[in-house]
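Inspection log for the structure reproduced underneath, given as structure tokens.
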Amino acid sequence: MGVEEKGTVQGRGRVQGHRMVLARRVTLTAVLVAVLASLAFDCGLGTPSSFGIGQFNLLCPLGGLEAMFAAKSFIPIAAISAGVVLAFSLLFGRAWCAWGCPAPVIRRFFKRDPKPASLGDQGCEGGCSACAGVASALDVKESLRGIAKDSRTWVLVAVLVCALVAALPLFCLVCPIGLTFGSVASLWHLIVDKQMTASVLVFPIALAVELVLCRKWCMNVCPVAGLLGIFGRFAVRFRPHVNVDTCLRASKGVACDVCTVACAEHIDLHAADVSTQLGMCTRCGECAKRCPTASIEFK
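For what it's worth, the numbering used here labels the leading residue of the sequence shown as -17, then goes sequentially.
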């Protein structure tokens, strides 16, 4: 690969990362604006927990499953909602967690995301020529093993069992997504309609306990991430790929961990089990944006 071609690939990766991050921020802003518009003009858009346009309605996939478990019956709208969202996750993995969920934004605001341990002087493990940063082929057996090892999978199972036993979608009462938009709605009604309710205090406090005090909520606890992760592990489209010719860690053995630190899931693109780790990729674009040599591209 010539110098000019390498430069072109590098530039493309960095530009792509910046565009993805910008698009993600615009999308999250649009979600908030849509919620405020729904409150202001009573246009019935709802929130990502219960979204509707005209006769088209979608529910949170986990909320829909909880509702069916609690009712011990098949609910068409809940099944359709779950099917649509889970089909999307088969195509784009856990993109919702970066592009639609408000929880990561709140966590970053309070600086509550745990950081992975630094590589120190480890450099590139197993010989730089054999770095696994470019290996992203799907390994079904390893993906299934990853699902079983993910603590969020077991939290998901516990949530559904509780809904079945209690005959009530209990997690919906404490879901950070619902609490976030519930807090927005409560504050809106307080300011605009002068309606003071307990939710003005209860919702933000519950949200703070989950997302601010619990540092590893998103990585270890969130059952929504667990549900999307089951299907997202089999999504192979639009994953990060490393150019080993320009990557500091792959080509020169430098102990660079910028992409791992930037990743909300702390995915190590050079680990031996990278194909399994990439199953939890949220397509946020931060790794491509922050790579010092612009060696990461999504494709």
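Ideal placement from N, C-alpha and C gives every residue a C-beta, glycine not left out.
Neighbour-count burial assignment, residue i, 16 or more Cβ in a 10 Å radius
| i | result |
| --- | --- |
| residue 65 | exposed |
| residue 1 | exposed |
| residue 24 | exposed |
| residue 60 | buried |
| residue 179 | exposed |
| residue 227 | exposed |
| residue 177 | exposed |
| residue 156 | exposed |
| residue 159 | buried |
| residue 173 | exposed |
| residue 136 | exposed |
| residue 242 | buried |
| residue 276 | buried |
| residue 175 | exposed |
Per-residue DSSP class, three states only, for residue i
| i | result |
| --- | --- |
| residue 233 | helix |
| residue 223 | strand |
| residue 183 | helix |
| residue 287 | With the chain covering -17 to 281 only, the question about residue 287 has no answer from this structure. |
| residue 277 | coil |
| residue 251 | coil |
| residue 262 | helix |
| residue 131 | helix |
| residue -2 | helix |
| residue 246 | coil |
| residue 164 | helix |
| residue 153 | helix |
is_contact[residue i, chain D] using C-beta, thresh 8 Å
| i | result |
| --- | --- |
| residue 257 | The structure shown has no chain D; it contains just one protein chain. |
For this session: Would you mind listing the alpha helix (DSSP H) stretches within the segment 51 to 103 that are 4+ residues and don't spill past its ends, in chain order?
Result: Look at the segment 51 to 103 and you find these whole runs of alpha helix (DSSP H), each 4 residues long or longer: 58 to 74, 77 to 81 and 85 to 91.
For this session: Pair every Cβ in the segment 43 to 52 with every Cβ in the segment 147 to 160, then say whether three or more of these pairs are closer than 8 Å.
Result: Verdict: yes, contact present.
Exercise. If we count Cβ pairs, one from each stretch, closer than 8 Å, do we get three or more for the segment 155 to 168 versus the segment 226 to 241?
Worked result: With the rule of 3 Cβ pairs closer than 8 Å, the segment 155 to 168 does not count as touching the segment 226 to 241.
Exercise. Does the segment 171 to 190 come close enough to the segment 201 to 219 that 3 or more CB-CB pairs lie under 8 Å?
Worked result: No, the segment 201 to 219 is not in contact with the segment 171 to 190.
Problem set entry | Three-pair Cβ contact test at 8 Å for the segment 207 to 221 versus the segment 72 to 91 | In short, these stretches touch, since the Cβ pair count reaches three.
Problem set entry | At least 3 beta-carbon pairs within less than 8 Å: the segment -2 to 16 vs the segment 263 to 281 | Output reads yes: the segment 263 to 281 touches the segment -2 to 16.
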